Amino acid sequence: MRVLSEDEIRIFWHGLDRDDLPWDRKTCLALKFELVTMLRSGELLAARRDELFELDEENPRFDVPLKRVKKRRVIQQPLSSLAVEIIKEALISDKQQFVFASPFGDQPMNRRVMATALRGTKCKGKVKRLGICALLGLRPFTPHDLRRMASRRSFGDPAPMKQAEPELRLVT
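With this note's numbering applied, the sequence shown covers 6 to 177.
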């Protein structure tokens, strides 16, 4: 288990906005979305437009159907303004069915894409594409570490994650 420091979170958050990353923008947005919602990769990567409610209203939410939830119960995830911003950026077309659509058509991204982006890829023992962690100078971590860390911060700290959002917006 790896817990990122506040400095590492800041570096990671702002690093995901760099233009020179070899990973697509939707993957970076999915990583940000995991950090602000504490959802599992499998729960968020298959997010569909029809599972989003009241995005422009006071209480936006994302309903994750039970078939994608580990404990087989529907999750009605309240969405912060930052989560809504991420969704709106990811939905680039009115015809797009999946929020985090694959570059190979309107289908969800593969559930391993976030972990691969963080660690990079190798071929025959040689680095093919550096991972986001290496590119940003961070010790390796997994998408689940982000979820765990956000959850720990939210429940182990008097300030809920929604109040921590301004820290994520800080410029390093």
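We put the CB at the ideal spot given by N, CA and C, even for glycine.
Being a predicted model, the structure only gives us computed values, none of them experimental.
query: Are Asp68 and Gln81 touching if we call contact CB-CB under 7 Å?
result: yes
- request: Measure the Cβ-Cβ separation of Leu9 and Met119 and say whether it is below 7 Å.
  value: no
field: beta strand (DSSP E) runs contained entirely in the region 124-148, provided each spans 3 or more residues
entry: 125-128 and 131-135
message: If you follow the alpha helix (DSSP H) that Asp12 is in, where does it begin and where does it stop?
response: Glu11 to Gly20
- prompt: DSSP on Arg77, reduced to helix/strand/coil?
  reply: coil
- request: For Ser98, count neighbouring C-beta atoms within 10 Å of its own C-beta (all shown protein chains included) and say buried if the count is 16 or more, exposed if not.
  value: exposed
- prompt: For Leu123 versus Gly136, is the C-beta distance shorter than 7 Å?
  reply: yes
query: Excluding five sequence neighbours on each side, which residues of the same chain lie with their C-beta closer than 7 Å to the C-beta of Leu71?
result: Arg77, Arg78 and Val79
message: Which complete alpha helix (DSSP H) runs does the region 33-121 hold, if anything under 4 residues is left out?
response: 46-49 and 86-95
- request: Could you check which residue in Leu143, Ser107, Asn64 and Pro27 has the C-alpha nearest to that of Leu87?
  value: Asn64
query: CA-CA distance, Phe58 and Leu141?
result: 35 Å
message: Can you give me the C-alpha to C-alpha distance between Glu56 and Ile91, rounded to a whole angstrom?
response: 15 Å
- request: Note down, in chain order, each residue of its chain lying with its Cβ closer than 6 Å to the Cβ of Gly20, except the 5 sequence neighbours on either side.
  value: Leu141
- request: In angstroms with no decimal places, state the Cα-to-Cα distance between Ile146 and Thr121.
  value: It should be noted that the sequence gives Phe, not Ile, for residue 146. Cα to Cα, Phe146 sits roughly 11 Å from Thr121.
- prompt: Taking C-beta to C-beta, are Arg7 and Leu50 nearer than 7 Å?
  reply: no
Close-in-space but distant-in-sequence residues of the same chain around Leu143 (CB under 6 Å, 5 per side omitted): Glu13
message: Taking its Cβ as the centre, do 16 or more other Cβ atoms sit within 10 Å of Phe109, making it buried, or is it exposed?
response: exposed
message: If distances are taken between C-alpha atoms only, which option among Met43, Thr32, Asp111 and Cys33 comes closest to Arg54?
response: Asp111
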